């Protein structure tokens with residue numbers, strides 16, 4: 266897995282994504298840009314299918330990772346990363362450079378409503394994006410083939 270190097274715009278000191286202030290000079294560090302959609306996912310299109318059957322599996326294809334993540338969606342699934350003192354998300358993205366990519370401990374959720382799935386941000390530091398658009402307060406309907414980005418960590422989703 267790869268991680269992008271980030272440097273403080275004030276002093277050039279390197280920092281990990283998700284850090285709010287520079288350890289060296291104390292400057293406020295930038296968060297994720299809405300125009301930061303990875304090029305490898307940008308040209309792919311979604312199928313438009315929104316029906317997610319009760320026995321279906323949601324498949325996450327993390328950028329630059331060969332093996333997909335397969336997950337059943339009961340009612341609600343929380344996406345994030347594990348931290349020794351924090352809550353444990355249902356889908357732990359720690360092994361996918363979640364810290365370096367700005368994924369919060371409790372970053373986003375996918376909620377089932379009948380045969381539909383909805384993505385919501387959970388007050389994450391670096392934002393949740395659906396097909397390049399930053400989520401606001403309202404949950405957004407997921408489609409087969411959508412791209413989800415948590416901070417800088419991008420995943421293509423599929424309904425199977």
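Numbering (the numbering used here), first residue to last: 266 to 425.
We put the beta carbon where it would ideally sit given N, CA and C, even for glycine.
Note that the structure is a prediction, hence the values are computed from the model and not measured.
- Looking at the backbone, the Cα of residue 417 and that of residue 328 are separated by about 10 Å.
- The alpha helix (DSSP H) runs lying completely inside the region 326 to 357 and spanning 4 residues or more number zero.
- At least 8 Å separates the beta-carbon of residue 372 from that of residue 407.
- Note that the C-beta distance between residue 409 and residue 423 is below 8 Å.
- 8 Å or more divides the Cβ of residue 317 from the Cβ of residue 395.
- Judged by their CB atoms, residue 390 and residue 400 are not nearer to each other than the 8 Å cut-off.
- Going by C-alpha positions, residue 362 is about 21 Å away from residue 375.
- Under the DSSP assignment, residue 373 falls in the beta strand (DSSP E) whose first and last residues are 371 to 378.
- According to the DSSP secondary-structure assignment, residue 391 is paired through a beta bridge with no residue.
- Looking only at 379, 369, 340, 388, the smallest Cα-Cα distance to residue 353 is reached by 369.
- Rounded to whole angstroms, the gap between the alpha carbons of residue 271 and residue 402 is 28 Å.
- For residue 367, the number of other beta carbons within 10 angstroms of its own is at least 16, and it is reported as buried.
- According to the DSSP assignment, residue 384 belongs to the beta strand (DSSP E) that extends over 381 to 386.
- Between the alpha carbons of residue 324 and residue 425 lies a distance of about 7 Å.
- Comparing alpha carbon positions, the residue from 346, 365, 350, 290 closest to residue 359 is 346.
- DSSP places residue 412 in the uninterrupted beta strand (DSSP E) bounded by 412 to 415.
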